[in-house]
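A quick write-up on the structure given underneath.
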Amino acid sequence: MPPRRQPNANPDAAMAAMIAQQIAAVLPNLVTQMNQANNNAPAACNFKQFSSAKPLKFSGTQGATALLQWFESLENTFRHVQCPNERKVEFASSVFEKRALTWWNGVMRDRGADIAMAQTWEELRALMMKEFCPRHEQRALENEFHDLKQDSGEHRAYTDRYEELSLLCPAMVTPLDKAIERYIDGLPDPVQDIVTGSNPTT
């Protein structure tokens, strides 16, 4: 009678050996793929990258139009360096100088540095509008906006100032219908008729 085949004494060990062989075959490719993914991923924006983009300084003494231009310039820098939302206030406050720096140090003292830095960029913008575009200046801008007219065919100058004042006096151009009406009101009479007849939607 032939001898019986002995069953595998340790099936777990055989399974473990098989798994180890498969992992050994797959692991080098997996590591290579992970390294390539890490090398191709965009680096997180840091302060050195932000500074190298030469962001515009803000002193807080130039008036409302300069404040708006600073907002636009800084947001362009944020896009260029791919600044994450949670670091925008930190980076923006790093370019404050003179009166703006004194004001910001007061905000951090009164609120606490952690709370001040935890604001969103939109909250900081609103805070800066309140500080650096006070109500009397806001009223002057609203009056200018109300009286804004296109003179001597200077269409580009009229449109540029309209856009600036729209951002500085948002209540005067909300909702959209009101913004369109205000823009048309500043055009010369013959042009108003043509534009109104086209029923603009933007």
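Just add 859 to the spot in the sequence shown (first one is 1) and you have this note's numbering.
Backbone N, C-alpha and C fix where the C-beta goes; we use that ideal spot for every residue, glycine too.
Subject >> Cut-off 6 Å between Cβ atoms - residues of its own chain near residue 916, not counting five sequence neighbours on either side >> reply: 954, 956
Subject >> Inter-residue spacing [alpha-carbon to alpha-carbon] between residue 980 and residue 970 >> reply: If you draw a straight line from the Cα of residue 980 to the Cα of residue 970, it is about 16 Å long.
Original post:
Across which residues does DSSP place residue 1062 in a beta bridge pair?
Top reply: In the structure as shown, the chain begins at 860 and stops at 1061. Residue 1062 is therefore absent and cannot be evaluated.
**OP:** With residue 1051 as the anchor, note down where its alpha helix (DSSP H) starts and where it stops.
**Re:** 1048-1056
Subject >> Close beta carbons around residue 918, own chain, < 7 Å, minus the five adjacent residues each side >> reply: 956, 957, 958, 959
Original post:
Under a Cβ-count criterion, where at least 16 other Cβ atoms within 10 Å of its own Cβ denotes burial, should residue 1045 be classed as buried or exposed?
Top reply: It is buried - the Cβ of residue 1045 has at least 16 other Cβ atoms within 10 Å.
Subject >> As assigned by DSSP and simplified to three states, the class of residue 905 >> reply: coil
Original post:
Which of the three DSSP states, helix, strand or coil, is assigned to residue 1022?
Top reply: helix
**OP:** Tell me whether the beta-carbon of residue 983 lies closer than 9 Å to the beta-carbon of residue 952.
**Re:** yes
Original post:
Do you know whose CA, among 904, 880, 924, lies nearest residue 1019's CA?
Top reply: Restricting attention to 904, 880, 924, the CA atom closest to the CA of residue 1019 is found in 924.
**OP:** Give the single residue among 961, 939, 937 whose Cα lies nearest to the Cα of residue 920.
**Re:** 961
Original post:
Can you name the start and end residues of the alpha helix (DSSP H) that residue 1010 belongs to?
Top reply: For residue 1010, no alpha helix (DSSP H) encloses it, and the DSSP letter there is neither H nor E.
Original post:
Nearest CA to the CA of residue 905: which residue from 914, 950, 966?
Top reply: Comparing Cα-Cα distances from residue 905 to each of 914, 950, 966, the minimum goes to 950.
Original post:
To which residues of the same chain is residue 1024 closer than 8 Å at the C-beta, ignoring the five residues directly before and after it?
Top reply: 1000, 1003, 1004, 1007, 1031
**OP:** Please state whether DSSP places residue 1045 in a helix, a strand or coil.
**Re:** coil
**OP:** May I have the straight-line CA-CA distance separating residue 1051 from residue 1037, to the nearest angstrom?
**Re:** 15 Å
Original post:
Do the CB positions of residue 972 and residue 948 come within less than 9 Å of each other?
Top reply: no
Original post:
In whole angstroms, what separates the C-alpha of residue 909 from that of residue 937?
Top reply: The alpha-carbon atoms of residue 909 and residue 937 are separated by roughly 8 Å.
Subject >> Start-to-end residues for the alpha helix (DSSP H) that takes in residue 985 >> reply: 980-991
**OP:** Please say whether residue 1021 and residue 1041 have beta carbons closer to each other than 9 Å?
**Re:** yes
Original post:
Any idea what DSSP makes of residue 922, helix, strand or coil?
Top reply: coil
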